[in-house]
Amino acid sequence: MRNFLFRFLFLCSVGYGYAAPASVYIIPLHRDIDAPAARIVHKGLAEARALQSDYILLHLSTYGGELTAADSIRTALLHCAIPVLVFIDNQAASAGALIAIACDSIYMRSGGSIGAATVVDQTGAVVPDKYQSFMRSMMRSTAAAHGKRKALQGRDTVEVWHRDPLVAEAMVDPRVVVPGLIDSTRVLTFTVDEAIANGYCEGRAESIAEVLALAGLSPAEIKEYTPTWLDRIILFLMNPLLQGLLLMLIIGGIYFELQSPGIGFPLAAAAVGALLYFAPLYLEGLAAQWELLLFIGGLALLAVELFVIPGFGVTGIAGIIASLAGLLLAMIDNNLLSTPAGIDLTPLVRPLFVLSAGIFGGLVGSIYLSRKLYPTKFFGRIALKTDLTEQAGYVGVPQGLEQLAGAVGTAHTALRPSGKITVNGELYDAVAEYGMIERGRAVRITHYETGQLYCIPAD
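Position one of the sequence shown corresponds to residue 5 (the working numbering), numbered consecutively onward.
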């Protein structure tokens with residue numbers, strides 16, 4: 005009801021001829037509701053407060069999006085001290101309906117709609133009822149937050165809801181019945197006329213100018229939220245598709261570095277990818293310091309496993325889990341995992357999909373590129389391709405040495421404990437099983453193991 009009070013005071017002041025035009029701050033939101041959308045709204049509200057605007061107009065058109073981001077926007081709008089109007093310039097579906105109901109006044113373009121707020125997963129399937137229960141309560145409380153107004157019923161004056169909470173609940177759950185409006189088989193969605201008739205729209209408008217005229221704010225001093233270059237970069241880097249590509253760069257860089265240790269370039273590319281991945285999430289408050297440390301610690305454990313501890317065991321597995329957990333948890337606000345309905349893992353669905361796609365794409369892409377790039381003239385220089393032939397002086401391990409077990413030869417050099425022996429005129433590396441064997445002494449080969457002949461004195 006705040007906007008009615010402000011409008012009344014404004015019209016009174018106009019009547020006395022000394023009021024300046026009302027200042028209206030416009031926040032455009034024509035996109036899916038996600039973390040970047042929440043950033044736009046929060047920054048716009050902060051700038052409107054800094055400019056001491058009289059009103060805020062949210063220019064909205066969306067088919068919905070993430071519930072967590074919508075809840076963040078809804079809370080900010082309900083707690084905003086400046087009256088907020090919303091102009092639904094086409095659709096306010098799902099999460100968009102929750103945001104629109106949180107505003108003080110709603111105006112809609114012809115052909116627009118509001119409602120259909122059932123919670124669904126990434127595939128569009130309806131999620132279990134405990135999530136619907138949480139959404140129903142949010143819709144009810146958001147509608148009820150606007151209070152009641154006096155209305156005439158016959159000759160009596162009664163108090164009725166400015167926005168009926170039961171109607172808001174019916175936008176979520178098809179089981180909710182609103183007498184004379186909807187039965188128990190459909191989810192409620194309003195057209196413009198239906199929204200006006202049921203108190204969910206203050207008027208029909210075809211433009212922002214018409215909205216201001218209907219609200220009694222014309223003429224008005226208008227300012228609009230314009231993202232800075234830093235905002236544009238952050239919003240760009242927070243795009244889920246780009247986050248997946250950065251994950252591919254991180255995984256691919258680490259893979260290439262392990263394939264050709266010491267090059268440095270793939271590792272530098274992975275570091276740049278990690279910086280671009282974590283920086284916007286950290287600036288937005290999604291990635292906490294401990295999540296960054298978790299990712300770095302995981303990489304450190306992997307390095308220890310690869311270069312210090314032989315084999316691959318607990319340290320390597322712990323490193324992989326820690327690194328992936330850091331990448332995953334950095335995408336979400338961890339506070340959103342806990343709701344009045346219990347632990348909610350829904351916010352993890354999209355980040356987990358992005359992470360899985362990034363890892364798969366990074367590994368497959370790295371293997372493919374390594375086969376394509378290394379044979380080329382430029383990239384071939386960073387990989388060892390020289391053949392280690394005997395003609396070049398390289399000696400490999402001869403084959404069939406295990407057949408020499410039991411043969412008798414002569415110590416060509418002293419074995420202390422390793423040296424060389426001759427067997428049937430051929431020279432071989434050998435190791436004395438115990439003690440030392442002097443040069444020229446007869447030896448008997450006991451067995452062959454790990455590229456070495458083991459022998460004992462034959463006399």
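We put the CB at the ideal spot given by N, CA and C, even for glycine.
Identity of the residue in the options nearest residue i by Cα
i	options	result
Gly115	Asn94, Ala106 and Ala199	Asn94
Gly257	Leu246, Val276, Leu185 and Gln247	Val276
Ile110	Thr122, Thr127 and Pro87	Pro87
Arg236	Arg43, Ala411, Gly207 and Gly323	Arg43
Ala213	Ser137, His63 and Ile441	His63
Ala39	Lys134, Phe240, Phe311 and Asp168	Phe240
Leu279	Tyr259, Phe260 and Ile300	Ile300
Met335	Glu406, Leu251, Gly455 and Tyr135	Leu251
Leu102	Leu332, Arg167 and Gly330	Arg167
Ile37	Leu285, Cys84 and Ile77	Ile77
Ala24	Cys84, Ala224 and His34	Ala224
Ala272	Ile254, Leu306, Leu285 and Tyr281	Ile254
Asn428	Ala436, His34, Gly203 and Ala411	Ala411
Pro284	Leu234, Leu216, Glu437 and Gly207	Leu234
Ala217	Thr230, Gln293, Ala26 and Tyr438	Ala26
His34	Val191, Thr426, Pro231 and Ser65	Ser65
Glu437	Gln456, Ile92 and Ile105	Gln456
Gly220	Ser360, Glu206 and Ala148	Glu206
Helix, strand or coil at residue i according to DSSP, with G and I counted as helix
i	result
Leu431	strand
Glu210	coil
Arg35	coil
Ser57	coil
Tyr259	helix
Glu163	strand
Gly19	Here the model assigns Gly19 a pLDDT of 46, short of 50, so the residue's position is not dependable and the matter cannot be decided.
Gly69	strand
His46	helix
Phe14	Model confidence at Phe14 stands at a pLDDT of 46, short of 50, so the residue's coordinates are unreliable; what they give is reported in the following sentence. Helix, per DSSP.
Arg153	strand
Ser188	coil
Leu9	Low local confidence applies: a pLDDT of 49 at Leu9 is under 50, so the model's placement there is unreliable, and no value is given.
Ala418	coil
Val464	Outside the displayed range of the chain (5 to 463) lies residue 464, so it cannot be described from this structure.
Val181	coil
Val312	coil
Leu426	What sits at residue 426 in the sequence shown is Thr, not Leu. Strand at Thr426.
Ala436	strand
Val215	helix
Leu221	coil
Segment limits, beta strand (DSSP E) that includes residue i
i	result
Thr414	Val412 to Ala415
Arg448	Ala446 to Glu453
Leu408	Premise fails: Leu408 is in no beta strand (DSSP E) and is neither H nor E.
Leu457	Gln456 to Pro461
Thr193	Thr193 to Thr195
Residue span of the alpha helix (DSSP H) that contains residue i, given as start and end
i	result
Pro270	Phe269 to Leu287
Val88	It is not in any alpha helix (DSSP H) - Val88 instead sits in the beta strand (DSSP E) that spans Val88 to Ala97.
Tyr135	Asp133 to Ala148
Ile237	Trp233 to Leu241
Ser114	Looking at the DSSP string, Ser114 is not in any alpha helix (DSSP H), and its letter there is neither H nor E.
Glu225	It is not in any alpha helix (DSSP H) - Glu225 instead sits in the beta strand (DSSP E) that spans Ala224 to Glu228.
Thr319	Val318 to Leu333
Glu173	Pro169 to Ala174
Buried versus exposed, by CB contacts within 10 Å (16 or more), residue i
i	result
Leu89	buried
Tyr22	In this prediction, Tyr22 has a pLDDT of 47, which is less than 50 and means its spatial position is unreliable; what the coordinates show is noted afterwards. The residue is exposed, with fewer than 16 neighbouring Cβ atoms inside 10 Å.
Leu49	buried
Gln247	buried
Ala41	buried
Leu81	buried
Gln56	exposed
Val196	buried
Ile460	exposed
Leu245	exposed
Ser474	The structure shown does not extend to residue 474, since the chain is modelled only from 5 through 463, so no value can be given for it.
Gln136	buried
Leu9	Confidence at Leu9 is low in this model, with a pLDDT of 49, below 50, so its placement is unreliable and the value that follows should be read with caution. Burial call: exposed.
Ile325	exposed
Ile321	exposed
Thr230	exposed
Item checked: Segment contact flag, the segment 168 to 181 with the segment 137 to 156, C-beta cutoff 8 Å, min 3 pairs -> yes
Next item on the list: Take every Cβ of the segment 89 to 106, pair it with every Cβ of the segment 62 to 76, and state whether three or more of those distances are shorter than 8 Å.
Entry: yes
Next item on the list: Would you check if there are 3 or more beta carbon pairs closer than 8 Å linking the segment 185 to 196 to the segment 146 to 164?
Entry: no
Margin query: Contact between the segment 410 to 423 and the segment 431 to 450 is defined here as three or more beta-carbon pairs at a separation below 8 Å; is this criterion met?
Written below: yes
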